[in-house]
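Everything on this sheet refers to the single structure shown next.
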Amino acid sequence: DARAPLAEGCVGALEVRGPNVAEATVDGESIRLDGWVPTGDLAFLADGRVVPCGRTKDVLFQLGRTLHATDVEAVAQGVDGIRAAIACAAGCPDGERAVLFVVPRTSWRTARSAIDEARRRVQAETGLALDAVVPLTAAEVPRTSSGKVRRAALGERFAAGEFSARVRELDQAAAVGGG
Numbered sequence: 025d026a027r028a029p030l031a032e033g034c035v036g037a038l039e040v041r042g043p044n045v046a047e048a049t050v051d052g053e054s055i056r057l058d059g060w061v062p063t064g065d066l067a068f069l070a071d072g073r074v075v076p077c078g079r080t081k082d083v084l085f086q087l088g089r090t091l092h093a094t095d096v097e098a099v100a101q102g103v104d105g106i107r108a109a110i111a112c113a114a115g116c117p118d119g120e121r122a123v124l125f126v127v128p129r130t131s132w133r134t135a136r137s138a139i140d141e142a143r144r145r146v147q148a149e150t151g152l153a154l155d156a157v158v159p160l161t162a163a164e165v166p167r168t169s170s171g172k173v174r175r176a177a178l179g180e181r182f183a184a185g186e187f188s189a190r191v192r193e194l195d196q197a198a199a200v201g202g203g
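What follows is the structure, given as structure tokens:
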């Protein structure tokens, strides 16, 4: 059964039900007839306690594999010179792209070796072939009012071509520098 409870330690989609759970969404959509409401969160059980560990939308698919964005980000953030990383899938007109956004500790123009290393490590440790690595400043990372990164917004901006010139400049610098 696709909706059967999972064993302890297995990650799955978190659903809730109970007297304090709404019967309909703000849009007026009804909740499933069995009363369970999908939260959009991923979670697992540890010692009988629910441990949230991500969002169902924050995954990347490549060659039949499912990769959690947070796992990809952790690899990139382990690179010296990278302050933060955001992984997402960008729905482009000609197909989906695996994109890694990085916030280097210095100007992205001077942090090319760290950016290149982040790409190499992500490929080596996760098997994810990135279609693009986009350097950002911390101020360019969109966030919700509660401070969560808005991965989908970054993916939409990438798909709209907002970062094309930056990616081209980084690629040209790598070609000239042999990186």
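Be aware that the sequence shown starts at 25, since it is given in my numbering, and climbs by one per residue. For each residue, glycine too, the CB sits at the ideal point set by N, CA and C. On a predicted model such as this, the values are computed, not experimentally measured, just so you know.
Residue burial classification, VAL75 (beta-carbon count within 10 angstroms, cutoff 16): exposed
The region 151 to 168 touching the region 185 to 199, judged by at least three CB pairs closer than 8 Å: yes
Same chain, Cβ closer than 7 Å to GLY185, neighbours up to 5 away in sequence not counted: none
Supposed close pair GLY119, ALA183 - CB separation, criterion 8 Å: That belief does not hold up - the Cβ atoms of GLY119 and ALA183 are roughly 10 Å apart, past 8 Å.
CA nearest to the CA of ASP82, picked from GLY36, ASP104, ARG27 and ARG133: GLY36
Residues near LEU152 by beta carbon distance below 7 Å, same chain, minus five either side: LEU84, GLN86, LEU91, VAL96, ALA122 and VAL146
Where ALA67 sits in the DSSP three-state scheme: strand
Limits of the unbroken alpha helix (DSSP H) element including PHE182: 175 to 183
Whole-number beta carbon distance between ALA135 and GLY105, since they are thought to touch under 8 Å: 6 Å
Spatial distance of ASP72 from PRO29 (CA atoms): Before going further, note that residue 72 is Gly rather than Asp in the sequence given. One C-alpha to the other measures close to 12 Å.
Beta-ladder partner(s) of GLN125, from DSSP: In the sequence as presented, Gln is not what sits at residue 125; that position holds Phe. Answer is ILE110 and VAL158, bridged to PHE125.
Candidates ALA31, SER169, ALA67 and GLY33, of which the one nearest VAL40 by Cα: ALA67
Own chain residues within Cβ distance below 6 Å of ALA108, not counting five before or after: VAL127
GLU186 (DSSP reduced to helix, strand or coil): coil
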